[in-house]
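212 is the number of the first residue of the sequence shown in my numbering; add one for each residue after it.
Everything on this sheet refers to the single structure shown next.
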Amino acid sequence: MDIEQLMPHVEALIFASDKALTQIEITEMIGQALEEVIEAERVATCISAIMEKYEAEYYPFHLTETGGGYQFLTKKAFHKTVIKLNGEKHIKKLSAAAMETLAIIAYKQPITKSEIEYIRGVSADYSIQKLLEKELIVITGRNEDMIGKPLVYATSKTFMDYLGINSPAQLPQLKDITDLEIVMPTNAEDALPADTPQIGYGELRQAS
């Protein structure tokens, strides 16, 4: 199958999907549908051609690489118009506390709850729960180096989809949006001078 025949299949698949599709997913699904082997390189060529096609000014949407895959999204100039489709009441809004927590996780991930609370200065339990419910963050494991091995949080694919990015590295640099430097808590032992004798917990109690 040549590129001209393959391209409509790629375009239709991405258009019909309610989530971003990766190149691998597109290749596998089209191969299954057409019952033939489809080369990934040909699909990549089709994707590039489709992206170029919809960059024309008279199209109100374009094909965008987001969240690790490809999806048709409305161009920025038409966002306010599309919002009216379901009404602004349907826009999912986050509280200021949740936004602060999400920002900290986005820029400092992977990060534990105690580290988030150190930066914010208040409890983050409720905000973290809400962000998990909205699938904007995920639990990626545990910090094996910290006492109690606390859970570690990071932003999700859904978060990247909302922002139209493929990785946290594409977030605006902090120096570009604020002069505030986020300082992480220092382990008490790490804060001691290199030549300071190490005192165990039992020795510390006896000394006191």
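C-beta atoms are modelled at their ideal positions from N, C-alpha and C, and glycine is treated no differently.
In this text, all values refer to a predicted model and were calculated from it rather than measured experimentally.
Contact check for residue 328 against residue 335 passes: the beta carbons are separated by less than 8 Å.
A Cβ-Cβ separation of about 5 Å places residue 272 in contact with residue 285 under the 8 Å criterion.
Taking a cut-off of 8 Å on C-beta distances, the segment 347-355 touches the segment 367-374, as three or more cross pairs fall below it. For residue 353 and residue 274, the gap between their C-alpha atoms comes out near 37 Å. Spatial neighbours of residue 382 in its own chain (CB-CB distance under 8 Å, excluding positions within 5 residues in sequence) are listed in chain order as 317, 318, 374 and 376. Under the three-state reduction of DSSP, residue 381 is assigned to helix. Around the beta carbon of residue 231, 16 or more other beta carbons sit within 10 angstroms, so the residue counts as buried.
Secondary structure note for residue 275: its beta strand (DSSP E) is the uninterrupted segment 272-277. Short of 7 Å from the beta carbon of residue 253, and not among the five residues preceding or following it, lie these beta carbons of its own chain, in chain order: 214 and 217. Taking residue 320 as reference, the option from 367, 220 and 258 with the minimal CA-CA separation is 367. The C-beta of residue 282 has 16 or more other C-beta atoms within 10 Å across all chains shown, which makes the residue buried. Of the other Cβ atoms in all chains shown, fewer than 16 fall within 10 Å of the Cβ of residue 233; this residue is therefore exposed.
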